[in-house]
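Going by numbering that gives the first Met the number 0, the sequence shown opens with residue 0, and the numbers climb by one from there.
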Amino acid sequence: MTCNNHYDVTQWHTGNPYSDIGEVINSIIADIKSRQTQTDSNSGGKPGAVIYIPPGDYHLTSQVAIDISYLKIMGAGHGFTSSSIRFNAPENEWPNWHEIWPGGSRILVDIAARDGEEESAGAAFYVERSGEPRISSVEFSSFCIDGLHFVEDGLGPNDPENSYVNGKTGIYIATAQDSFRITGMGFVYLEHGVTIYNADALSVHDNFIAECGNCVELRGAGQASKITDNLMGAGYKGYTIYAQNFGGLLIAANNIFPRGKSSVHFSGVARSSITGNRFHSFYPGMVIFEDNCTENLISANHLLRDREPWPPMQGYDNGLNDTFGIVHLNGDNNSVMGNHISESIDTSFITPPGTRPVIIHVVTGRGNYISGNHIVATRDAADVQSADAASCFTTQVGALLATDRRVALDVTAVLVAPAASQNTVLDSGSESQVMLDKSVNAFRATPEPGQTL
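Structure (structure tokens):
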């Protein structure tokens, strides 16, 4: 017996998926809605459907509008490959490459938000439904959304393909929803990878989201969601992970690539966890809490801040200086415990010149608990960083593994600003590395070699 709730975009009778897969998927959704009209039939009635995208290249010139629950759109592979490496290589080398563009089940986004239009106008997939209950259980799985090109923004020193701007979004969810899943996806060269408002029980898991202006943005408010096991990295202007007014968010086991303006940026977030991640950044401001973030946990993460080693991207940064802090906190009763934080930067690249880089910066707040963090700060013994041109991969791997010639760098391990009080700092820096007012904060220094407790 065949199932009429399983669709293949290449077998559907309306439209041509290779020239406009948006028209095809919209037609399929209309068919599902025309057949599934009963809200209560035999304790069911609207089971939803699966839409399958076989491997291939599919242009999208019509935005996909989703307003039904229990819909899964799935492909046969995320198909990610680096577009940044290609666009920063000489074009005359491309004919000798094994492949040029991303692959798998790949959607080529040919729409973009123009000046004056809402940001959502440039979304490949737009999800919106009002009324009760909230739209639920929509899944995106195992295909690639490719924004193709970035465009000139008038701001950079630069090739437009490095601007991270093009008015395109992969998935835009505009209204409150429940139990959505984004898994095994590839997102590349989009100004916004995933933008979601008012999420509840959301899972963003095992995706490859890179070379996007912004990767995952949780806006409005939300609760009880997770961002786990992803490989991600935004551009120097945007967020890799951004969350606003969220409670109960779990960010765990992600590997965050450098070049994002920040790795994790919380605004008004409470009672959430950032645990067991590996963060790498070429700029300060890797983890930022603003707007009174409260009772959050940052624990068992590895954070590395060093300098961009690949010559084509060395002219870009996120605009923050080294006194901002690698971890920048505003809020009350947050815990920063048991993290390994590495700062590896030559003094000639520190801004402002002559200052000590700050690792953990408590700007405002009370009751924050900073304990047992291992901070390793180094510079090259010759205070010179090689800028030899090589492949992006070999250059970055070489920089990561170059630890043998490093010597100690003088840093401020923890800075508690005058506006912050009643905070506790334990075993996260020596007496000379921690700056705080001991009359209103508690402090225990990390013993230095030769000292006894």
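Note that the Cβ used here is the ideal one computed from N, Cα and C, for glycine as well. Because the structure is a prediction, the values reported are computed rather than measured.
- Listed in chain order, the non-local C-beta contacts of Ala419 below 6 Å within the same chain comprise Val361, Thr363 and Gly364, local neighbours out to five positions each way being set aside.
- The beta carbon of Ala252 is closer than 8 Å to those of Thr227, Asp228, Gly275 and Asn276 in its chain, skipping five residues each way along the sequence.
- In this structure, the straight-line span from the alpha carbon of Asp379 to that of Pro257 is close to 20 Å.
- Unbroken beta strand (DSSP E) stretches of 3 residues or longer found wholly inside the segment 105–164: 122–126, 138–140 and 143–145, given in chain order.
- Looking at the backbone, the Cα of Ile297 and that of Val286 are separated by about 9 Å.
- Judged by beta-carbon spacing, Ala88 lies beyond the 8 Å limit of Leu70, meaning their Cβ atoms are not closer than that value.
- Within the DSSP secondary-structure output, Ala198 pairs in a beta bridge with Gln176 and Gly221.
- When DSSP states are grouped into helix, strand and coil, Asn213 belongs to the strand group.
- According to the DSSP assignment, Phe256 belongs to no alpha helix (DSSP H), since it is labelled neither H nor E.
- In the structure shown, Glu22 adopts helical secondary structure according to DSSP, grouped into three states.
- Residue range Arg277 to Ser280 is occupied by the beta strand (DSSP E) that includes Ser280.
- Val413 is positioned such that its CB atom lies no closer than 8 Å to that of Val439.
- Burial check for Trp93: the Cβ neighbour count within 10 Å stays below 16, so the residue is exposed.
- Here Val396 carries a helix assignment [DSSP, helix/strand/coil].
- DSSP places Phe442 within a strand segment (E or B) once states are collapsed to three.
- Taking 8 Å as the upper bound for CB-CB distance, Arg85 and Ile99 are in contact here, some 6 Å apart.
- Glu90 carries a helical assignment under DSSP once its states are collapsed to helix, strand and coil.
- When rounded, the separation of the alpha-carbon atoms in Asn329 and Leu435 is 15 Å.
- Gly259 is the residue among Ile72, Gly259, Ile250 and Gln243 whose C-alpha sits nearest the C-alpha of Lys236.
- In the structure shown, the three-state DSSP call for Gln10 is helix.
- Shortest Cα-Cα distance from Gly246 to any of Ile240, Leu230, Gly267 and Val263 involves Gly267.
- In this structure Thr60 is exposed. Its beta-carbon is surrounded by fewer than 16 other beta-carbon atoms within 10 angstroms.
- Counting along the chain, Ala233 sits inside the beta strand (DSSP E) bounded by residues Leu230 to Ala233.
- For Cys2, DSSP assigns no beta-bridge partner whatsoever.
- Setting aside the 5 residues that flank it on each side, Leu303 is surrounded in the same chain by His279 and Ser341, each with a C-beta closer than 6 Å to its C-beta; the list follows chain order.
- Around the C-beta of Trp96, fewer than 16 other C-beta atoms lie within 10 Å, and the residue is accordingly described as exposed.
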